[in-house]
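Asks: Okay, handing you the structure first.
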Amino acid sequence: MKKLSSLLLPIMIAGVIGLVSGIIISRHQSQTPLLNQFINQEKKHENQYLAFLHEVRDTITKNYWSNITEHQLVNLHLLAIEKLIAQPLGATIQTYEALDNKILELLNEYPDDEVRHEFTIQLADLVLANLEPFGRSRLYSQQLEQELIEKVSNIDPEADHYKALELDPDASPEKITQAYEEQKQKLVNDDSPEAQEKLAQIETAHHTLADEATRSRYDEAGVNPTMEWRLLNNQVFYLKIKQFSPSTVQELAEVSERVDDQGPELDTLILDLRGNIGGAVDGLPYFLGPFIGNNQYAYQLIQQDKVTDFKTRTGWLPSLVRYKKVIVLIDDQVQSTGEVMASVLKKYNVGVLVGTPTQGWGTIEKVFPLKNQLTDQEQYSVFLVHHLTLREDGLPIEGNGVEPMVNVQDANWQDQLKKYFNDAELVSVVAQQFTIKQ
14 MKKLSSLLLP IMIAGVIGLV SGIIISRHQS QTPLLNQFIN QEKKHENQYL
64 AFLHEVRDTI TKNYWSNITE HQLVNLHLLA IEKLIAQPLG ATIQTYEALD
114 NKILELLNEY PDDEVRHEFT IQLADLVLAN LEPFGRSRLY SQQLEQELIE
164 KVSNIDPEAD HYKALELDPD ASPEKITQAY EEQKQKLVND DSPEAQEKLA
214 QIETAHHTLA DEATRSRYDE AGVNPTMEWR LLNNQVFYLK IKQFSPSTVQ
264 ELAEVSERVD DQGPELDTLI LDLRGNIGGA VDGLPYFLGP FIGNNQYAYQ
314 LIQQDKVTDF KTRTGWLPSL VRYKKVIVLI DDQVQSTGEV MASVLKKYNV
364 GVLVGTPTQG WGTIEKVFPL KNQLTDQEQY SVFLVHHLTL REDGLPIEGN
414 GVEPMVNVQD ANWQDQLKKY FNDAELVSVV AQQFTIKQ
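For the sequence shown, our numbering assigns the number 14 to the initial residue and increments by one for each residue that follows.
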């Protein structure tokens, strides 16, 4: 009996959740003696394993971002099988029918259900992982899907902000600030990794609990804030967006209103997207409206040669209208939805993009549930790249990124920025942001 060459591969986490499903049953099920023999012996097993793989295949064909041919998908299966059994298969298998026959032949050599199950799961995952861009599409278990939901919602189930500050959940705002300041004083001069980790924990805890709105969201659903903000001086409002989650649109309205009572000299916004990991793209039509207006063509997605336009669904936010000067900070860690936002702001000349080119991770992923499962005790789904995002010039963000208007790697970048605003003090404030540790 052949042995599988590896244990189950770890499945990576990324992106955005959707709910679409598809299924197909091969028309070749009664056309080969081998298949008839296998069905007679193990009909239940054939229904479990082959139907599962067929649905994964059909989900890819219908929903993958690029058109994929039978020949290409067969080759991906063959490469995965060769890796699993550590043997070459040759070039004789070129159709789905021949592929199905080979899979059934291999399954028939594994009489143990556990090995058949492992083979099927690994095969599906390897095929998905080898779709371009490599490693973005995977087979997801229920646990990994739940972790993805938490990541997109900015929920950290391991974090306990009250415990980090050594407080009870009913602690007053004054107690929260006091506990934070006391612990910070003990840790701020300690360079040990343990102390720095603890300092980061209490910083996050204080940032979440010190504000009434973010504390309420955390208490109700464990959701952490996606934004940080501060007044750099009486002219400049600094706003950092770490990722996009379902709460980000509401946070924008809350945060911008907190400084709306400042004097008319507050007219500059530094929007910091550096390190933004992306997240929920669904909210962008609502999030971009306050910056570019309602019913504006914001961004485009492409799937299988079809380009889809997305318009904004909200209008100007009164608390943002005051900012006549906008500077958007980007770097090579900005990805996904963060790159889309940077591209849209550049397209509409909302602000001057300053920094370095973004990462070039321009994919939109979704989770597609599977109807056919291997057992009643588990539920697998397909996490699939189903769209690419396009930047302001129509090129895919994937592999290209978004270019800054002022690249801080240029020796004279500050002079370039000054040409946009003719404000030496503002240029100095922006330069300081690139000396602060992120």
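From the three backbone atoms N, C-alpha and C, an ideal C-beta is built for every residue, glycine too.
Of the residues 240, 244, 82, which one's Cα is nearest the Cα of residue 274?
Replies: Among 240, 244, 82, the Cα nearest to that of residue 274 belongs to 244.
Asks: DSSP state of residue 185, grouped into three classes?
Replies: Looking at residue 185 - three-state DSSP - the assignment turns out to be coil, as it is neither helix nor strand.
Asks: Would you kindly work out how many angstroms separate the C-alpha atoms of residue 141 and residue 72, rounded to a whole number?
Replies: The straight-line gap from Cα to Cα measures roughly 10 Å.
Asks: Whole-angstrom Cβ separation of residue 92 and residue 137, contact assumed at under 8 Å?
Replies: Contact doesn't hold; Cβ gap of about 13 Å is too wide.
Asks: Under 9 Å between the Cβ atoms of residue 94 and residue 120?
Replies: No.
Asks: Ignoring anything shorter than 3 residues or poking outside the segment 372-442, list the beta strand (DSSP E) runs there in chain order.
Replies: With a minimum length of 3 residues, the continuous beta strand (DSSP E) runs that stay inside the segment 372-442 are 376-382, 394-403.
Asks: I'd like the list of long-range same chain contacts for residue 23, defined as Cβ closer than 6 Å, with 5 residues on each side in sequence excluded.
Replies: Low confidence applies to residue 23: its pLDDT is 32, below 50, so where it sits in the model is not reliable, and the reading given next is rough at best. Once the five neighbours on either side are set aside, residue 23 has no close Cβ partner at all.
Asks: Excluding sequence positions up to five away, which residues of its chain have a Cβ less than 7 Å from the Cβ of residue 393?
Replies: Closer than 7 Å at the Cβ level, and outside the excluded window around residue 393, lie 152, 153, 154, 383, 386.
Asks: Identify whether residue 239 lies in helix, strand or coil by the three-state DSSP scheme.
Replies: Coil, per DSSP.
Asks: What runs of the beta strand (DSSP E), each 3 residues or longer, lie entirely inside the segment 149-234?
Replies: For the segment 149-234, whole beta strand (DSSP E) runs of length 3 or above, ordered along the chain, are 151-153.
Asks: Taking the beta carbon of residue 377 as the centre, do at least 16 other beta carbons fall within 10 Å, making it buried, or is it exposed?
Replies: Classification for residue 377: buried.
Asks: Taking the straight line between their C-alpha atoms, what separation do you get for residue 381 and residue 348?
Replies: If I take the Cα positions, the gap works out to 22 Å.
Asks: Tell me whether residue 74 sits in a helix, a strand or coil according to DSSP, three-state version.
Replies: Helix, per DSSP.
Asks: How many Å lie between residue 299 and residue 357 at the Cα?
Replies: Approximately 13 Å, taken between the alpha carbons.
Asks: Considering Cα atoms alone, identify which of 366, 165, 187 is closest to residue 284.
Replies: Closest option to residue 284, Cα to Cα, is 366.
Asks: Out of 431, 412, 408, which has the shortest C-alpha to C-alpha gap to residue 418?
Replies: Ranking the options by Cα distance to residue 418, first place goes to 431.
Asks: Is residue 355 helix, strand or coil when you go by DSSP?
Replies: Residue 355: helix per DSSP, three-state reduction.
Asks: Buried or exposed: where does residue 47 fall if 16 or more other Cβ atoms within 10 Å of its Cβ makes it buried?
Replies: Any reading at residue 47 must be qualified, since the residue scores a pLDDT of 42, below 50, and its modelled position is unreliable; no value is offered.
Asks: Tell me whether residue 423 is buried or exposed, calling it buried when 16 or more other Cβ atoms sit within 10 Å of its Cβ.
Replies: By the neighbour-count rule (16 or more Cβ atoms within 10 Å), residue 423 is not buried but exposed.
Asks: Exposed or buried, what is residue 399 when buried is set at 16 or more other beta-carbons lying within 10 Å of its beta-carbon?
Replies: Classification for residue 399: buried.
Asks: If I measure Cβ to Cβ from residue 61 and keep anything under 7 Å in the same chain, skipping five residues before and after, which residues do I get?
Replies: Excluding sequence neighbours, residue 61 sits near 387.
Asks: Would you list the residues sitting across from residue 8 in a DSSP beta bridge?
Replies: The structure shown does not extend to residue 8, since the chain is modelled only from 14 through 451, so no value can be given for it.
Asks: Quick check for students: name the residue ranges of the beta strand (DSSP E) that lie wholly in the segment 256-282, counting only runs of 3 or more.
Replies: Qualifying beta strand (DSSP E) stretches: none in this window.
Asks: So who's on the other strand from residue 338, going by DSSP bridges?
Replies: DSSP, once it has assigned bridges, lists 281 as partnering residue 338.
Asks: For the segment 305-339, list the alpha helix (DSSP H) runs that are entirely contained and at least 4 residues long, ordered along the chain.
Replies: Qualifying alpha helix (DSSP H) stretches, in chain order: 331-334.
Asks: Please report how far the alpha carbon of residue 100 lies from the alpha carbon of residue 126, in whole angstroms.
Replies: Answer to the nearest angstrom: the Cα atoms are 22 Å apart.
Asks: Give the single residue among 262, 189, 286, 295 whose Cα lies nearest to the Cα of residue 217.
Replies: The residue with the shortest Cα to Cα distance from residue 217 is 189.
Asks: Please name the residue or residues paired with residue 250 in a DSSP beta bridge.
Replies: 244, 282.
Asks: Kindly confirm or deny that the segment 199-209 and the segment 247-257 touch, where touching means at least three C-beta pairs closer than 8 Å.
Replies: Because the criterion of three Cβ pairs below 8 Å is not met, the segment 199-209 and the segment 247-257 do not touch.
Asks: In three-state terms, what does DSSP make of residue 294?
Replies: Helix.
Asks: So what's residue 128 in DSSP terms, helix, strand or just coil?
Replies: Reduced to three states, the DSSP call for residue 128 is helix.
Asks: According to the neighbour-count rule (16 or more other Cβ atoms, all chains shown, within 10 Å of its Cβ), is residue 82 buried or exposed?
Replies: So residue 82 counts as exposed.
Asks: How many whole angstroms separate the CB atoms of residue 369 and residue 421, which I take to be in contact at a CB cut-off of 8 Å?
Replies: With 8 Å as the limit, residue 369 and residue 421 qualify as a contact, their Cβ atoms being about 6 Å apart.
Asks: Along the chain, where does the alpha helix (DSSP H) that runs through residue 112 open and close?
Replies: Start and end: 109-121.
Asks: Can you tell me whether residue 69 is helix, strand or coil according to DSSP?
Replies: Three-state result, residue 69: helix.
Asks: Pair every Cβ in the segment 254-261 with every Cβ in the segment 312-324, then say whether three or more of these pairs are closer than 8 Å.
Replies: Judged by Cβ distances under 8 Å, the segment 254-261 makes no contact with the segment 312-324, as fewer than three pairs qualify.
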